[in-house]
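As you go down the protein sequences, you meet chains C and B in turn. One point on numbering: in the working numbering, the residue at position 345 of the first sequence is 367, and numbering is uninterrupted. One point on numbering: in the working numbering, the residue at position 31 of the second sequence is 65, and numbering is uninterrupted. Written out below as structure tokens is the structure these notes cover.
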Amino acid sequence: MDTEVRQITSDACRAFANDGTRLLDILHEIQRRLGHVPPDAIEAIADCTSLAPVRVQQTLAFYAFFSDRPLGKVVIRLCDDVVDRMWGYDAVRAAFEKALGIPMGGTTPDGMIGLQRTPCIGMSDQSPAALVGTTVFTRLTPESAERIVAGLRAGCQPAELIEKCGDGNNAHTLVRAMVRNNIRQPGAVLLTEGERGAAIANALAMSPAEVIRTVKNARLRGCGGAGFPTGMKWEFARSARGPRKLIFCNADEGEPGTFKDRVLLTEHPNRVFAGMTIAGYAVGAAEGILYLRAEYAYLRPFLEDILARRRADGLLGNAIRGKHSFGFDIRIQLGAGSYVCGAELALLRSCEGGPGEPMTRPPFPVQSGYLGCPSVVNNVETLALVTKILESGAPAFSELGEEGCSGTKLLSLSGDCTRPGVYEVPLGTPLRDVLDMCGGGDARSVLVGGASGRFVGPALFDRLISFDDLSTGGAIIVFGPQRSVPEIVELYSHFFAEESCGYCAPCRIGTVLLRERLGRIVRGTGEPADLEYLEELGDTMKATSRCGLGQAAPNALLSSLKNFRPAYEELVRSDPDGFKRAFDLDKAVTQAGEIAARLSIRGQEVAL
Amino acid sequence: MSKPKVATCSLAGCFGCHMSFLDIDERILQLVELVDFGPSPINDLKHFTDRCRVGLVEGGCANAENVRVLREFRTHCDILVSMGYCATSGGIPAMRNLVSMEECLREAYMEGPSVHNPTGRVPGDLELPLLLDKVRPCHEVVKIDYHLPGCPPSADAIWAALCALVSDAPIELPYQLIKYD
Ligand SMILES: Cc1cc2nc3c(=O)[nH]c(=O)nc-3n(C[C@H](O)[C@H](O)[C@H](O)COP(=O)(O)O)c2cc1C
Ligand code: SF4
Ligand code: SF4
Ligand code: FES
């Protein structure tokens, strides 16, 4: 075995105490040093951590950001998502390919630069976007793509190629990103200043049960998408048995079109960490883990610094605020490029060092989650709201909503609107008002909830943004009259087929069938019967998939078949002879003809 | 009134479904009372002379000739039934979809342990139908009205389905007839 590989691997394992549950960190470290994780390293990791080699292999293969072969010393990951395609993805991709002299998915012959595509990296308000190493580049143009390649060729680090930093903390010395916050409408709760430490002081003055009651009285519901009442979740975890409990902050933010958690982590990390601490106090947990998606790795040094400051100031660590009975600390777990890891059960497996396959519920994580311990998983925004509630009281929060809803919601707006970015609106706001705010008055269709959300048309624009009406984890993608709804749905079907973890058949197979059939329709070879087929398939996936990914994957399809049926009907046609239009005989026999050196293929087939 | 006509064919299949069909035993006497036959391996008729009520298709499509026959069946039959797993999902022949066409032909005509082929080439005679890139179930090639599962479907299942289809009665296939585990 290569001694360098062995050395680097054993160093990496030792840095994490040879702990198999830290496998993601170990793989990240090896990949950072070697550019990939070679087969020799797998054996070596298995030796050091006592994991079976196949377990290591499984985890390595699962995550898009790990590779078992060299992809390039620097990897450019160009976001290939619907919104990027609206804003020039094709030209930027072509420019990268031309400048590098390689196709998408390739590596330059000198092994220096690799080019890969990746789903939404959380920059939909400033797309097309790409990661170069861990550095984010936004609003790409063919010219800036050429500049990046030239800079890398000249030996620059990606970070050195940033021309101008973004606003707010994006310009912080530990961030230095060109990302812009695009905070368009700061609302009453989140995007305003607050006093650091006040919420924790208030919480610690109450009993844990009182804290939970306060959160319940505020009628706070989870902002990660499912809208589960937060106080109730905490209560379950509090009454669960077990000496070790944990609080997880879900910063995986993988839903295409969502980026509000990025802005919260950039501008209000203290509020998020305070929320985790308060949750720890309420539930009786001493440990917190922030699960940060790998696409946001550029925020990590900044967030680590905030954690260190909080420790120094007695807001984390033992005896928080001098209260000897309560200690709490937080560490950051970096993800590795997997959408399904945002699903709480997959997130917990990922934190255990495994592939992000969601386990079956029950047991629920609040009873038995991370390593069998009661675990609370909350979204970034939910935890930030907790801090605000403890700061100014439950009534002040619940009064903010409209139409009987409680509180506000952060929205990530992107697509065909003149002011994409983050908006904080009272829950209960009509979609139409939101569209007006963002300059999306021309909208013909809107995807509420991102790729796994629902497609609505003008007839539904008066519906309300709320958990019980138009529910969204935050993403709202606006499409103007020039966009084709079936094409958008088809593009997202690739996303789901690629991100399905593959554990259960309805989703593993269903997402592929869905992509294949939608492909026929947008290529013009679809038939009316395909629409019924898709409806049936979508219903089956919803009813039988094991986790939210497979259950939600057909949402955009099913809702658009309902609300935009004519757009599909225009594209399909049946064949008068009952022959399938998607089957092309000439094409199907081409390869066999070439192999058998039959020049008269066409001639023969025409004779049919 | 003339009797309804039935046609059958075997595409990329093993003839097992046809054998199962013949397992209707003495009911074959009832069958000739009930229907006339169009083209079928049973009577060795190759071409349609007029329309048929029902076409039973065994096997999926592995080559251009399968496609030609299947399309002819679609054109001449009111109701087309995919009979057996090869027809409904590709079946055993579709296992070749897992290897590349080149590897498949190399093994079959050049490198297989029992192959004697001094030319070292894949046969290219125009009489031989060209293979499709992938073996396909019938419904990928033409519209199919009914799928009859099983490898093969039992004689009772084929009988029940056929009787119902030629007499316009609802098809009743008890669970026992379509349960395979
Ligand atoms: C496929 C999938 C992806 C998800 N991605 C996220 C995510 O990126 N961030 C998030 O907070 N919740 C995500 N969720 C929801 C989580 O499972 C979970 O409900 C949420 O983190 C709970 O926090 P909350 O109650 O504060 O909303 C996802 C769910 C599924 C099924
Ligand atoms: S629904 Fe999809 S992502 Fe979820 S467990 Fe099944 S295969 Fe995995
Ligand atoms: S389904 Fe079974 S019995 Fe029928 S042709 Fe195929 S392999 Fe033979
Ligand atoms: S960053 Fe490309 S769509 Fe979100």
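Even glycine gets a Cβ: it sits at the ideal position worked out from N, Cα and C.
Let's see if you can read the secondary structure: which residues bound the beta strand (DSSP E) around residue i?
| i | result |
| --- | --- |
| C/ASN272 | 268-273 |
| C/ASP351 | 351-356 |
| B/ALA96 | 95-97 |
| C/PHE477 | 476-478 |
| C/VAL399 | 397-401 |
| C/GLN207 | 205-207 |
| B/TYR180 | 180-182 |
Starting from residue i, trace the alpha helix (DSSP H) in both directions and tell me its first and last residue.
| i | result |
| --- | --- |
| B/ALA195 | 189-200 |
| C/GLU309 | C/GLU309 -> not in any alpha helix (DSSP H); beta strand (DSSP E) instead, spanning 309-314. |
| C/SER149 | Looking at the DSSP string, C/SER149 is not in any alpha helix (DSSP H), and its letter there is neither H nor E. |
Ignore the nearest five residues each way along the sequence and tell me which others in residue i's own chain have a CB closer than 7 Å to its CB.
| i | result |
| --- | --- |
| B/PHE107 | ALA41, CYS43, GLY89, VAL91 and LEU114 |
| B/ALA191 | LEU182, GLY184, LEU207, LEU211 and ILE212 |
| C/GLU317 | ILE143, GLY144 and LEU153 |
| C/GLY376 | THR81 |
Report the option in the options whose CA atom is closest to the CA atom of residue i.
| i | options | result |
| --- | --- | --- |
| C/PRO278 | C/GLY219, C/LEU593, C/SER229 and C/ASP103 | C/ASP103 |
| C/ALA341 | C/GLU446, C/THR299, C/VAL197 and C/SER372 | C/THR299 |
| B/ARG130 | B/CYS86, B/ASN151 and B/CYS95 | B/CYS95 |
| C/GLY173 | C/SER474, C/ILE98, C/PHE518 and C/LEU93 | C/ILE98 |
| C/ARG28 | C/HIS58, C/ASP47 and C/ASP62 | C/ASP62 |
| C/ILE311 | C/SER372, C/TYR303, C/PHE270 and C/ARG322 | C/PHE270 |
| C/SER89 | C/LEU73, C/LEU559, C/LEU338 and C/LEU46 | C/LEU46 |
| C/VAL59 | C/ASP132, C/PHE87, C/ARG44 and C/GLN504 | C/PHE87 |
| C/ARG466 | C/THR43, C/GLY437 and C/PHE489 | C/GLY437 |
| C/ASP455 | C/ILE487, C/VAL444 and C/ILE52 | C/ILE487 |
| B/TYR180 | B/SER116, B/GLU145 and B/ARG61 | B/SER116 |
| C/LEU100 | C/LEU122, C/MET126, C/MET108 and C/VAL76 | C/MET126 |
| C/PRO588 | C/GLY479, C/GLY209 and C/ALA565 | C/GLY479 |
| C/ASN191 | C/LYS431, C/GLU374, C/ASN204 and C/CYS395 | C/ASN204 |
| C/ALA259 | C/GLN79, C/PRO387, C/LEU457 and C/LEU535 | C/PRO387 |
In angstroms with no decimal places, state the Cα-to-Cα distance between residue i and residue j.
| i | j | result |
| --- | --- | --- |
| C/GLY625 | B/VAL176 | Low confidence applies here, because C/GLY625 scores a pLDDT of 42, under 50, leaving its location unreliable; read the following figure in that light. Their Cα atoms are separated by approximately 22 Å. |
| C/ALA358 | C/GLU257 | 31 Å |
| C/SER582 | C/PHE477 | 5 Å |
| C/LEU369 | C/ARG485 | 32 Å |
| B/GLY125 | C/VAL507 | 36 Å |
| C/SER166 | C/LEU286 | 28 Å |
| C/ARG202 | C/ASP189 | 6 Å |
| C/GLY219 | C/ALA34 | 36 Å |
| C/LEU559 | C/LYS282 | 32 Å |
| C/ALA15 | C/LEU393 | The structure shown does not extend to residue 15 of chain C, since chain C is modelled only from 23 to 630, so the question has no answer here. |
| C/THR81 | C/GLY57 | 17 Å |
| B/VAL101 | B/LYS80 | 15 Å |
| B/LEU166 | C/THR156 | 45 Å |
| B/GLU174 | C/GLU275 | 39 Å |
| C/GLY463 | C/PHE419 | 30 Å |
| C/ARG161 | C/PRO598 | 48 Å |
| C/VAL500 | C/ARG243 | 25 Å |
Leaving out five residues on either side along the sequence, give the residues of the same chain with a beta carbon under 6 Å from the beta carbon of residue i.
| i | result |
| --- | --- |
| B/GLY47 | GLU92, GLY93 and CYS120 |
| C/ASN40 | CYS70 and THR71 |
| C/SER372 | CYS363 and GLY378 |
| C/ILE498 | LEU433, LEU435 and VAL470 |
| C/VAL76 | none |
| B/LYS39 | ASP70, GLY72, CYS86 and ARG87 |
Flag residue i as yes when its Cβ comes closer than 6 Å to any non-hydrogen atom of ligand 2, and as no otherwise.
| i | result |
| --- | --- |
| C/ARG530 | yes |
| C/GLY495 | no |
| C/PRO380 | yes |
| C/CYS363 | no |
| C/TYR525 | yes |
Just to check, is the beta-carbon of residue i closer than 6 Å to a non-hydrogen atom of ligand 3?
| i | result |
| --- | --- |
| B/ILE76 | no |
| B/TRP119 | The amino acid at residue 119 of chain B is misidentified as Trp; the sequence shows Tyr. Answer for B/TYR119: yes, Cβ within range of ligand 3. |
Excluding five sequence neighbours on each side, which residues of the same chain lie with their C-beta closer than 8 Å to the C-beta of residue i?
| i | result |
| --- | --- |
| C/ASP552 | ARG539, ARG542, ILE543 and VAL594 |
Confirm the yes/no value for this check: CB of residue i, any heavy atom of ligand 1, distance under 6 Å.
| i | result |
| --- | --- |
| C/LEU571 | yes |
| C/GLY244 | yes |
| C/PHE518 | no |
| C/ASP274 | yes |
| C/GLU317 | no |
| C/THR404 | yes |
Just to confirm, does residue i get its C-beta within under 6 Å of one of the non-hydrogen atoms of ligand 4?
| i | result |
| --- | --- |
| C/ILE98 | no |
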